[in-house]
Amino acid sequence: MMRCSGRWIAAAVLWVAFTPTAGAETLAMTVEQWGLLGSWAVDCSGRPDRDRGARLTYEIRKDGRVMYRRNFGEARDENEVVSATVNAEGLLNVMVYFPSLRQAREFGLLLQKDGSLRATYNRSERGEYTIRNGKYVATGAPTPAQQRCD
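Residue numbers in the sequence shown follow this note's numbering, run continuously in steps of one, and reach 132 at the last position.
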């Protein structure tokens, strides 16, 4: 009996070890169903620029990973979305790992009735906010609406 239960435990551990592949599908489905995929910018007609507005793109790779690309014009990066959940109010809570910063950041996105996207919060894994309640912490200015560019 003990030998049989030991095999079941080993099988369960192996099953859990390979479960992240299924989780990636769930993550991809979440961002796709919510409507996040594609490119977004404050002004899609302008060229991406750090001061005047970046182009932010969310895509699902062939391997199932969800990627977040930022184009600032002179600088670009690509980072993996590690989780995404939708709360009862429809807010998409996204966590992205930034290797260059050696940290994960979590941000909340809200699709507005006109189809635009707005950031409601952005915080580090230590809980330090750059955006809180839809406003930049440093200035108190509201975050701008982003339009779908594609």
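Ideal Cβ positions, reconstructed from N, Cα and C, are used throughout, including at glycine.
Selection Thr67, Ala86, Arg114 evaluated against Thr12 yields Thr67 as nearest (Cα-Cα). Residue state for Ala66 is assigned as strand, using DSSP reduced to three classes.
Residue Ala120 holds the alpha-carbon nearest to the alpha-carbon of Arg105 among Leu18, Arg130, Ala120.
The C-beta distance from Thr102 to Leu73 rounds to 6 Å, short enough to meet the 8 Å contact threshold. With respect to the 8 Å criterion, Arg51 and Arg58 are classified as neighbours on the basis of their beta carbons. Annotated three-state conformation of Gln94 is coil, per DSSP. Only residues of its own chain outside the window of five on either side were considered, and among them Met49, Arg51 have a CB closer than 7 Å to the CB of Glu60, listed in chain order. If you look at Gly20, you'll find it in the beta strand (DSSP E) that goes 20 to 23.
If you draw a straight line from the Cα of Ala10 to the Cα of Arg47, it comes to about 7 Å. Nearest to Arg32 by C-alpha distance, out of Gly55, Val24, Thr39, is Gly55.
Within the same chain, Met77, Arg105 come within 6 Å of Glu88 by CB-CB distance, once the 5 residues on both sides are set aside. Annotation for Glu56: no beta strand (DSSP E) segment contains it, and DSSP assigns it neither H nor E. By the neighbour-count criterion, in which 16 or more other beta carbons inside 10 Å mark a residue as buried, Leu99 falls on the buried side.
For Asn69, the closest of Asp132, Ser27, Leu91 by C-alpha to C-alpha distance is Leu91.
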